[in-house]
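Visitor: Chains as they are written, first to last, in my numbering: chain A, 69 to 536; chain B, 494 to 624.
Input: one structure, supplied below.
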Amino acid sequence: MHAAREAAYLAATALFIFSLYWMNAPKTARRGVFAGAGAMLLAIAATWGQPSVIHHAWIVIPILVGVAVGVPLSRVPLTAVPQRTALSHAFGGLAAGLVGTAKFYLWSNSEPELLTPLRMTAIVAEVILGFLTVTGSLMAAAKLQEIRWIPQRPVTYPLQNVTNIGLFALAVALGILLIVAPGGTSAPIAFPAIVGLALVFGVLLILPIGGADMPTVISMLNSYAGLSAVAMGFVLDNKLLITAGALDGSSGLILSIIMCRAMNRSFANVLFGAFGKVQAAKGEAESRAYKSETIEGAAQVLEQANFVVVIPGYGMAVAQAQHRVRELADELKRRGITVKFAIHPVAGRMPGHMNVLLAEAEIPYDDLVEMDDINPDMPQCDVALVIGANDVVNPAARFDKGTPIYGMPIIDADKARAVFAIKRSKNPGFAGIDNELYFADRTFMLFGDAKAVVGDLVKQLSKGGAGH
Amino acid sequence: MGIPLALDWIASGTPVLPAAPTEEAADLWPLLFVFLLSTFIGLGVIARVSRLLHTPLMSLTNAISAIAVVGSILVAGGDFPVAIRVLGAIALFASTTNIVSGFLITDRMLKMFKERPGEKPPGEKAAGGKR
């Protein structure tokens, strides 16, 4: 029995690694999903078959409820995928936290000698990581869902970082107390206190983080959820939990690093920097003039171009303009114009979000080009069409040390021969910063709802196209 | 996380360990090796993942980290007091939700990624001509 379980776990580990390996290209990626799902079924079957598992109804019912909730959650619109992802980080943290809690009470009541310092360390790590991931992820999900009573903008107050670090240190100190004396008189208070502190810490950790940093925060929480599974593996002496959790943890780590680099920030800066709170301090609020362009004029310029680069931002998805954008690209391609989409790593609200949004609109993925690959070609670009993107094309990131996005790598839209920027209103973007690009000589604004503006462009082009 | 864990263990000192210290010590090291090696494998494999697919990647790893289902089943279905099993059952519900929604949404997203339709220019022209 033991050998069969271990063999199943070993096979599951291999399949999990293959699952991630196949994600290296879109062609093999779906195979990765099947490998992962197969590994999971194998792991569930091997565990369920253990002789120690005797209450089968207690397993069937939660699984049925989980399926009932999970299926609708997998059908959310793609704009809501970041929220769903944050929510599932919360569920992952919850599972780890609850199993850690169960194990603590189980062992401290029946077999306190099993609560060795080692196990207790693992339990404390599992519970702190698990529960802070629960509330942190719920906060992130609420911010992304734009739930009304959760503030979107960073919330800051005096001594915020000191308070947060203090709370965390207190939780760790209580943890050490438990590790030293798991059966001590303080244990019945210390354990719930750790749980409570972790829950509060999760909320306070996300409170000062603004919308622009959500891609980083989601990646970080992803890592925490994985690490809490690793901690569970140490508690239960289970290697499968450790390997699978470590894969998730390293994935979250890599994505966080990529996101941080894409914004030229450090982890510490994201967590403690309260991005986007000090824009009002910029004094030079003189009203500068935009140059705007008509649909007809823009269509004419587009028609005469050879190489058009579309730079989409989350604003495009908010306006649900993806399908219109694809129609526009098709119209242009019909005229033999090369159309590429320039994707900034933080375009959208989670890593890779923009690619998924464009893929849904049936834009072939060969046309999606990463920032680093498109930038050398930007001087050859006839028209850069900026749709709902703002900070990722702001040239101020190159020179203006006063702006919070200083040093952030951007897509060089300003190097194109002409720039059209579609913008709903004259307000600053997500990070609340004025965009230098909009005032550049070669930039022309198309004000209006992105979906309507792009739709009008398509109409204009198809009208003109009939004459060709 | 692995390093602090090891440090705590070292700091706590072998004599403090109550039962069978040698056995306990033997347990920790293989687990740490597994953790270290799988983290490196993870970093190596994930670094190669196409940037196109980072959103599906995250939902996939989400589903994979729902491997917590293993611990949840052992707690929910074991011969334990009801209160303990309730915790396990909630954990099992949360893990199952992640498994189901994670794999399904990953597959849903991946199905959308298509190459440039090179082989059907006639259809494309016809669609364009209708306008």
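Glycine included, C-beta positions come from ideal geometry on N, C-alpha and C.
From a predicted model like this one, the values you see are computed outputs, not experimental measurements.
What is the DSSP secondary structure of Val-487 of chain A, counted as helix, strand or coil?
Guide: One-based indexing of the first sequence puts residue 487 of chain A at position 419. Looking at Val-487 of chain A - three-state DSSP - the assignment turns out to be strand.
Visitor: Considering only the alpha carbon of each residue, which of A:Leu-426, A:Met-108, A:Val-135 and A:Asp-480 lies closest to Pro-444 of chain A?
Guide: Taking the first sequence and counting its residues from 1, one reaches residue 444 of chain A at position 376. Among A:Leu-426, A:Met-108, A:Val-135 and A:Asp-480, the Cα nearest to that of Pro-444 of chain A is on A:Asp-480.
Visitor: Please classify Thr-231 of chain A as buried or exposed, where buried requires at least 16 neighbouring CB atoms within 10 angstroms.
Guide: Counting from 1 along the first sequence, the entry for residue 231 of chain A is found at position 163. With fewer than 16 other Cβ atoms within 10 Å, it is exposed.
Visitor: Please report how far the alpha carbon of Met-207 of chain A lies from the alpha carbon of Ala-237 of chain A, in whole angstroms.
Guide: As a position in the first sequence, residue 207 of chain A is number 139, starting the count at 1. As a position in the first sequence, residue 237 of chain A is number 169, starting the count at 1. Computed Cα separation, rounded: 21 Å.
Visitor: Return the CA-CA distance between Leu-265 of chain A and Ser-291 of chain A, expressed in angstroms with no decimal places.
Guide: Along the first sequence, read from residue 1 onward, the residue named residue 265 of chain A stands at position 197. Along the first sequence, read from residue 1 onward, the residue named residue 291 of chain A stands at position 223. Whole-angstrom Cα-Cα distance: 20 Å.
Visitor: Against Asp-517 of chain A, what residues of chain B qualify as contacts under a CB-to-CB distance less than 8 Å, listed in chain order?
Guide: Counting from 1 along the first sequence, the entry for residue 517 of chain A is found at position 449. Here the premise fails: no neighbours, minimum Cβ distance about 22 Å.
Visitor: Under 8 Å, do Met-446 of chain A and Asn-332 of chain A count as touching if we go by C-beta distance?
Guide: By 1-based counting over the first sequence, the position of residue 446 of chain A is 378. By 1-based counting over the first sequence, the position of residue 332 of chain A is 264. Going by C-beta atoms, Met-446 of chain A is not nearer than 8 Å to Asn-332 of chain A.
Visitor: Could you name the residues of the region 306-333 of chain A whose beta carbon sits closer than 9 Å to any beta carbon of chain B, in the order they occur along the chain?
Guide: Answer set for the region 306-333 of chain A: Asn-306, Lys-307, Leu-308, Leu-309, Ile-310, Thr-311, Ala-312, Gly-313, Ala-314, Leu-315, Asp-316, Gly-317, Ser-318, Ser-319, Gly-320, Leu-321, Ile-322, Leu-323 and Ile-326.
Visitor: Classify Ser-87 of chain A as helix, strand or coil using the three-state DSSP reduction.
Guide: In the first sequence, residue 87 of chain A corresponds to position 19, counting from 1. Reduced to three states, the DSSP call for Ser-87 of chain A is helix.
Visitor: Which word fits Asp-482 of chain A, buried or exposed, when buried means at least 16 other C-beta atoms lie within 10 angstroms of its C-beta?
Guide: For the purposes of this step, residue 482 of chain A is identified with residue 414 of the first sequence, where counting begins at 1. Buried, because 16 or more other Cβ atoms sit within 10 Å of the Cβ of Asp-482 of chain A.
Visitor: Please compile the residues from chain B whose C-beta is within a distance smaller than 8 Å of the C-beta of Ala-357 of chain A.
Guide: What you label residue 357 of chain A is simply residue 289 of the first sequence in a count that begins at 1. Per Cβ cutoff of 8 Å: no residues; Ala-357 of chain A is ~37 Å from chain B at best.
Visitor: Starting from the C-beta of Asp-305 of chain A, find all residues in its chain whose C-beta is less than 8 Å away, skip the five residues before and the five after it, and write them out in chain order.
Guide: To locate residue 305 of chain A, count along the first sequence from 1; it is residue 237. So no residue of the chain qualifies.
Visitor: Is the CB of His-536 of chain A under 8 Å away from at least one CB in chain B?
Guide: The sequence position of residue 536 of chain A within the first sequence is 468, counting from 1. For His-536 of chain A, the predicted model reports a pLDDT of 46, less than 50, meaning its position is unreliable; a value from the coordinates is still stated below. Answer no: the Cβ-Cβ gap between His-536 of chain A and chain B never drops below 8 Å.
Visitor: Return yes when the Cβ of Thr-189 of chain A is within less than 8 Å of the Cβ of Ile-262 of chain A, no when it is not.
Guide: Walking along the first sequence from the start, residue 262 of chain A turns up at place 194. Walking along the first sequence from the start, residue 189 of chain A turns up at place 121. No, the Cβ-Cβ distance between Ile-262 of chain A and Thr-189 of chain A is not below 8 Å.
Visitor: So Ile-363 of chain A is in the beta strand (DSSP E); what residue range does that whole segment cover?
Guide: Here residue 363 of chain A corresponds to residue number 295 of the first sequence, with the count starting at 1. Here Ile-363 of chain A belongs to no beta strand (DSSP E); instead the alpha helix (DSSP H) covers 363-371.
Visitor: Just reading off the beta strand (DSSP E) that Val-378 of chain A is part of, what are its end residues?
Guide: Along the first sequence, one-based indexing puts residue 378 of chain A at 310. First-last of the beta strand (DSSP E) with Val-378 of chain A: 375-380.
Visitor: Along the chain, where does the beta strand (DSSP E) containing Ile-455 of chain A start, and where does it finish?
Guide: Within the first sequence, numbered from 1, the residue matching residue 455 of chain A stands at position 387. Element bounds for Ile-455 of chain A: 451-455.
Visitor: Hey, quick one: how far does the alpha helix (DSSP H) through Thr-548 of chain B stretch, first residue to last?
Guide: Residue 548 of chain B sits at position 55 when you count from the first residue of the second sequence. Thr-548 of chain B -> alpha helix (DSSP H) spans 547-558.
Visitor: Which bits of chain B does Val-522 of chain A rub up against, with CB to CB less than 7 Å?
Guide: Within the first sequence, residue 522 of chain A is the residue found at index 454, counting from 1. Per Cβ cutoff of 7 Å: no residues; Val-522 of chain A is ~15 Å from chain B at best.
Visitor: Can you give the Cα-Cα distance for Ala-367 of chain A and Ser-296 of chain A, rounded to whole angstroms?
Guide: If you number the first sequence from 1, residue 367 of chain A lands on position 299. If you number the first sequence from 1, residue 296 of chain A lands on position 228. Distance between the alpha carbons of Ala-367 of chain A and Ser-296 of chain A is about 53 Å.
Visitor: Between the Cα of Phe-456 of chain A and those of A:Ile-431, A:Thr-471, A:Ser-493 and A:Phe-199, spot the shortest distance and give me the residue it belongs to.
Guide: The residue labelled residue 456 of chain A in the question sits at position 388 within the first sequence. The sequence given here places Gly at residue 456 of chain A; Phe does not occur at that position. Closest option to Gly-456 of chain A, Cα to Cα, is A:Ser-493.
Visitor: Measure the alpha-carbon distance for Ala-280 of chain A versus Arg-417 of chain A and round it to whole angstroms.
Guide: Against the first sequence, residue 280 of chain A aligns to sequence position 212. Against the first sequence, residue 417 of chain A aligns to sequence position 349. So the two alpha carbons sit approximately 8 Å from each other.
Visitor: Taking 8 Å as the threshold (beta carbon to beta carbon), is Thr-543 of chain A in contact with chain B?
Guide: Residue 543 of chain A falls outside the range modelled here, since chain A spans only 69 to 536, and no answer is possible.
Visitor: For Met-513 of chain A, report the span of its alpha helix (DSSP H) as first-last.
Guide: Counting from one through the first sequence, the residue named residue 513 of chain A turns up at place 445. That residue, Met-513 of chain A, is in no alpha helix (DSSP H); its beta strand (DSSP E) goes 511-515.
Visitor: Measuring alpha carbon to alpha carbon, tell me which of B:Ile-557, B:Leu-580 and B:Ala-587 ends up nearest Gly-313 of chain A.
Guide: Translated into positions along the first sequence, residue 313 of chain A becomes position 245. Nearest of B:Ile-557, B:Leu-580 and B:Ala-587 to Gly-313 of chain A, Cα basis: B:Ile-557.
Visitor: Please confirm whether any heavy atom of the ligand SAH lies closer than 7 Å to the CB of Glu-181 of chain A.
Guide: Of ligands this structure carries none, so the ligand SAH is not represented either.
Visitor: Would you kindly work out how many angstroms separate the C-alpha atoms of Ser-318 of chain A and Pro-472 of chain A, rounded to a whole number?
Guide: For the purposes of this step, residue 318 of chain A is taken as the residue at position 250 of the first sequence. For the purposes of this step, residue 472 of chain A is taken as the residue at position 404 of the first sequence. Using only the alpha carbons, I get a separation of about 28 Å.
Visitor: Which value, in whole angstroms, describes the spacing of the CA atoms of Leu-360 of chain A and Glu-504 of chain A?
Guide: Looking up residue 360 of chain A in the first sequence gives position 292. Looking up residue 504 of chain A in the first sequence gives position 436. Note on identity: in this sequence residue 360 of chain A is Ser, with Leu being the wrong assignment. Answer to the nearest angstrom: the Cα atoms are 15 Å apart.
Visitor: Under a three-way DSSP split, which group does Thr-81 of chain A fall into?
Guide: Here residue 81 of chain A refers to the residue found at position 13 when the first sequence is read from its first residue. It is helical.
Visitor: Could you tell me which uninterrupted alpha helix (DSSP H) segments, each at least 4 residues in length, are contained entirely in the region 186-229 of chain A, listed from first to last along the chain?
Guide: The region 186-229 of chain A contains no whole alpha helix (DSSP H) run of 4 or more residues.
Visitor: Might you give, ordered along the chain, the residues of its own chain that have their beta carbon closer than 7 Å to the beta carbon of Ala-353 of chain A, omitting 5 neighbours on each side?
Guide: Taking the first sequence and counting its residues from 1, one reaches residue 353 of chain A at position 285. Interpretation of Ala-353 of chain A is limited by its pLDDT of 46, a score under 50 that renders its predicted location unreliable; no figure is taken from the coordinates.
Visitor: Enumerate in chain order the residues of its own chain whose CB-to-CB distance from Val-144 of chain A is below 6 Å, with the five nearest sequence positions on each side excluded.
Guide: What you label residue 144 of chain A is simply residue 76 of the first sequence in a count that begins at 1. Here the set comprises Arg-152.
Visitor: Count Cβ pairs between the region 404-422 of chain A and the region 371-384 of chain A that sit closer than 8 Å; are there 3 or more?
Guide: Flag = yes, the region 404-422 of chain A and the region 371-384 of chain A touch.
Visitor: List, from N- to C-terminal side, the alpha helix (DSSP H) runs of 4 residues or more that fit wholly inside the region 92-124 of chain A.
Guide: With a minimum length of 4 residues, the continuous alpha helix (DSSP H) runs that stay inside the region 92-124 of chain A are 94-116.
Visitor: Here's a check: name, in chain order, each residue in its chain whose Cβ is nearer than 8 Å to the Cβ of Ala-154 of chain A, leaving out the five neighbours to either side.
Guide: Taking the first sequence and counting its residues from 1, the one referred to as residue 154 of chain A is at position 86. Only Ser-205, Leu-206, Ala-208, Ala-209, Leu-212, Ile-286 and Leu-289 meet the Cβ criterion.
Visitor: Using a C-beta cutoff of 8 Å, does Thr-115 of chain A count as contacting chain B?
Guide: On the first sequence, residue 115 of chain A is found 47 positions in, with the first residue counted as 1. Cβ-Cβ to chain B under 8 Å: yes for Thr-115 of chain A.
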